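Okay, so here's the structure we're looking at.
Numbering (UniProt numbering), first residue to last: 1 to 318.
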């Protein structure tokens, strides 16, 4: 059993990355990985059974993916009843070290396959089967024969499901996120400076013409019920959100972090009714402009995060 546990731990980071991509929830991903361990320990405890599995990563990925597929099918009903806009539970990591990665090995494995919040948002448009096929093949390069085994279909059908997912992800109305961390840093610094200036024209210059702003409060705090689209509308909304200190009941503090592998920040303040308010903001950046702003302020999705230090002021020191 110790040997089984050691083998599984070596694959935990990979499995967590797969599940996080499929489910858009760190807590659900961790539950899926734990269920994978239970099935692994139950099925392969016999050395003879373990000896028959030549590709352990493939076996574990298939098992974890089937668990995620079941979760996705049951989650669709819950998402339809969700109050307001939905964003994934953010995976927040420390700001980059010299090599661009957080020091924790599990976080490193997750972030190696992160493409930003924008991708997780658009994956919500897909059916569970399309999402599983796209994530496994296009993100993790799993062969279509294995994808078909997960979905209980043929390789040709699995290929078609992944193709439909790919078309949705690359649709014209999807916020593009192609910037490396250096470009993200430059663009976000300009964004913060524009917000601090309070000048709409200056802020609009940093925003793509078709920028989209999405906020998820889970019904706990005021938030737009529909995406705010377009540079001028989004600019006015952002200035109203970040530029008026009197909207908050206490000082606003923030620190730079990585959110789903992209540069953003974690902020906290006191809402005007005295409740603590935590917010994680992430961005999509393409060709020197911001194409997407994603504000996660649902307390249930940010409860796991550590607090912002008392010495961290607004604006964040990017």
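C-beta: ideal position from N, C-alpha, C; glycine also.
Remember, it's a predicted structure, so these values are computed and weren't measured experimentally.
Annotated as proximal: residue 262 and residue 283, with beta-carbon spacing under 8 Å. A residue is called buried when at least 16 other Cβ atoms come within 10 angstroms of its Cβ; residue 83 does not meet this threshold and is exposed. Contact annotation: residue 206 and residue 275 have beta-carbon atoms that are not nearer than 8 Å. It is roughly 49 Å from the alpha-carbon of residue 160 to the alpha-carbon of residue 313.
Per DSSP, the beta-bridge partners of residue 258 are 93, 263. Here residue 83 carries a coil assignment [DSSP, helix/strand/coil].
Here the stretch 181 to 200 makes contact with the stretch 285 to 304; the two share three or more CB pairs at distances below 8 Å. At least 8 Å separates the beta-carbon of residue 117 from that of residue 72. In the structure shown, the three-state DSSP call for residue 178 is coil.
For the pair residue 59 and residue 9, the Cα-to-Cα distance works out to about 14 Å. About 18 Å separates the Cβ atoms of residue 136 and residue 25, ruling out a contact at the 8 Å cut-off.
Residues of the same chain with a CB within less than 7 Å of the CB of residue 145, apart from the 5 flanking positions on each side, are 155 in chain order. Between residue 255 and residue 195, the CB-CB gap reaches or exceeds 8 Å. Taking the Cβ atoms as the reference, residue 19 lies roughly 4 Å from residue 29, within the contact range of under 8 Å.
Annotation: residue 68 to residue 198 spans about 44 Å, alpha carbon to alpha carbon. Burial of residue 131 is indicated by the presence of at least 16 other C-beta atoms within 10 angstroms of its C-beta.
DSSP places residue 165 in the uninterrupted alpha helix (DSSP H) bounded by 155 to 169. Check the Cα spacing between residue 171 and each of 242, 180, 122, 251: the tightest is with 122. Spanning the alpha carbons of residue 292 and residue 52 requires a straight line of approximately 47 Å. For the alpha helix (DSSP H) assignment, the uninterrupted runs of no fewer than 4 residues enclosed by the UniProt domain "RNA polymerase sigma-70 region 2" (8 to 76) are, from N- to C-terminal side, 26 to 44, 47 to 51. Here the C-alpha atom of residue 200 lies approximately 32 Å from the C-alpha atom of residue 168. For residue 148, same chain residues with a beta-carbon under 6 Å away, outside a window of 5 residues either side, are 154, 155, 158 in chain order. In the displayed model, residue 276 falls within a strand according to three-state DSSP.
Cβ-Cβ distances below 6 Å link residue 281 to 264, 265, 295 in the same chain, with the five nearest sequence neighbours on each side left out; the list follows chain order. Among the bridge pairs identified by DSSP, residue 286 is matched with 289.
Residue 23 and residue 32 do touch by the CB rule: their CB atoms are close to 7 Å apart, below 8 Å. Under a 10 Å Cβ-count criterion, residue 226 is classified as exposed, with fewer than 16 other Cβ atoms of the shown protein chains found around its own Cβ. A straight line joining the alpha-carbon of residue 42 with that of residue 163 spans about 35 Å.
In the three-state scheme derived from DSSP, where H, G and I count as helix and E and B as strand, residue 118 is classed as helix. DSSP places residue 206 inside the alpha helix (DSSP H), whose first and last residues are 200 to 206. In the three-state DSSP reduction, residue 128 falls in the helix class (H, G or I).
For the set 242, 57, 267, 120, the Cα lying nearest the Cα of residue 253 is the one of 267.
The C-alpha of residue 250 is placed about 30 Å away from the C-alpha of residue 230.
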